[in-house]
Each structure stands twice: as C-alpha cells, then as structure tokens.
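Student:
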Amino acid sequence: MPPLHPDQRVAVLADARNLYHTSHSLYSRNVDYTAVLDTAVQDRRLVRAIAYVVRAHAPEEESFFDALDDIGFETRIKDLKTFSDGTKKADWDVGISLDAVTLAGKVDTVVICSGDGDFTRLCSHIRHEGTRVEVMSFGPSTAETLVEAADSFVDMSEQKEKYLL
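Okay, so the sequence shown: first residue is 1 according to full-length UniProt numbering, each after it adds one.
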C-alpha cells in the first residue's frame with residue numbers, strides 16, 4: 001500500500017444516509033461534514049469529495065444539500081422511492097461502489113465514510129488493485145468486516161464531539 005504522505009491524491013465518498021441514521025440512533029445529533037472532510041483529507045490533495053444523499057422531500061433537506069456543496073462535497077441525489085405496499089427505499093450502494101472503483105485508478109487513497117458492511121468486498125477489491133482504502137464511521141454501528149477490509153479506520157465515536165453538531 002502507498003504510504004500516507006502530503007502528495008497523496010484522495011477521493012472521499014460519504015454515505016450520508018448511513019452517517020445520518022447512525023449519528024441519530026447513537027447520539028440523536030447530526031454529523032459535522034466539515035470535520036469529516038478535514039479528517040478524511042488530512043492535508044493531502046483532495047481530488048473529489050462526493051456525498052450521496054436521498055431526497056425525502058423534508059423541509060430542511062435542500063439547505064443541507066446546499067451546505068454540503070459549500071463545504072466542498074459534490075452531491076449525488078436520489079429520490080426516495082415508495083412502493084405499492086408502502087415500503088420506502090433509497091440505496092446508494094451500487095453508485096458508491098461504481099464511483100469508488102472508477103476513482104481508485106486515479107487516486108492514491110479512497111476514503112469511504114460509512115459503516116455499511118456491504119462495502120467490505122469493495123474495500124478488498126480496491127486494496128487488491130493497489131489503492132489505499134480508509135474507512136470513517138461510528139464504531140458501534142460499523143461492520144467488523146469493513147474495518148478489517150480497510151487499511152485504516154477512523155472511529156468517529158472516539159471523538160464524537162469533533163464529528164457531531
């Protein structure tokens with residue numbers, strides 16, 4: 001794996017839905033995305049920062065999307081789908097995975113901001129291809145397999161005051 005150094009090119013992929021639900025279920029608070037991005041980049045060269053969000057037509061969400069843009073994230077927005085039986089779904093796993101694989105050949109490090117174990121195989125694949133993988137999320141709700149598949153893990157719960165609003 002390439003060493004951590006200031007010339008590393010970094011891509012940050014934030015699963016906003018996962019971070020939102022985790023921060024609210026554990027702490028009843030919102031995530032500070034400025035702190036997340038600062039930690040993910042660590043004075044390296046940011047190539048892309050993408051936040052994957054879901055539009056649920058809530059009153060405050062447009063200002064949240066704008067705030068992400070102001071911080072430096074590109075926002076990828078997917079509408080929440082409601083099925084005939086009343087269930088709702090919006091999932092960015094495939095989109096995040098495709099972007100990660102595409103960007104991995106253009107950067108030295110991919111930072112996945114999610115605790116979702118569905119990204120375990122993605123991390124293993126990217127590492128196998130020679131790109132460093134870092135994971136940031138709240139430890140109590142992060143899949144152990146995801147932590148093991150990454151080169152490094154930042155447990156945001158260890159400094160929750162830094163990462164929560």
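For every residue, glycine included, the Cβ atom is placed at its ideal position computed from N, Cα and C.
Among 114, 126, 29 and 129, which has the Cα closest to the Cα of residue 162?
Tutor: The candidate whose alpha carbon is nearest that of residue 162 is 29.
Student: Name the residue from 151, 112, 159 and 48 whose alpha carbon lies nearest to the alpha carbon of residue 136.
Tutor: Closest by alpha carbon: 112.
Student: Would you be able to state if there are at least three C-beta pairs under 8 Å between the segment 101-108 and the segment 80-87?
Tutor: Touching, no, given that fewer than three Cβ pairs across the two stretches are closer than 8 Å.
Student: I'd like to know whether the C-beta atoms of residue 147 and residue 39 end up nearer to each other than 9 Å.
Tutor: No, these two residues do not count as a Cβ contact at 9 Å.
Student: Can you tell me the Cβ-Cβ gap for residue 120 and residue 149, rounded? I've got them flagged as a contact below 8 Å.
Tutor: Right, their Cβ atoms sit about 5 Å apart.
Student: Leaving aside the five residues before and after residue 35 along the sequence, list all residues of the same chain whose C-beta is less than 7 Å from its C-beta, in chain order.
Tutor: The residues are 162 and 163.
Student: Could you check what DSSP says for residue 41 in three-state terms: helix, strand or coil?
Tutor: Of the three classes helix, strand and coil, the one that applies to residue 41 here is helix, per DSSP.
Student: Please report the distance separating the alpha-carbon of residue 5 from that of residue 44.
Tutor: Approximately 7 Å, taken between the alpha carbons.
Student: For residue 165, I'd like the list of residues in its chain whose CB is within less than 8 Å of its CB, leaving aside the five on either flank, ordered along the chain.
Tutor: So the qualifying residues of the chain are 29, 30, 31 and 32.
Student: Would you report the Cα separation of residue 26 and residue 139, rounded to the nearest angstrom?
Tutor: Whole-angstrom Cα-Cα distance: 10 Å.
Student: Whose CA, out of 87, 93, 89 and 37, lies closest to the CA of residue 70?
Tutor: Considering only alpha carbons, the answer is 37.
Student: How would you label residue 63, buried or exposed, when you count the other beta carbons within 10 angstroms and need 16 or more for buried?
Tutor: Residue 63 should be labelled exposed.
Student: Give me the Cα-Cα distance between residue 19 and residue 53, rounded to the nearest whole angstrom.
Tutor: Straight-line Cα distance between these residues: approximately 10 Å.
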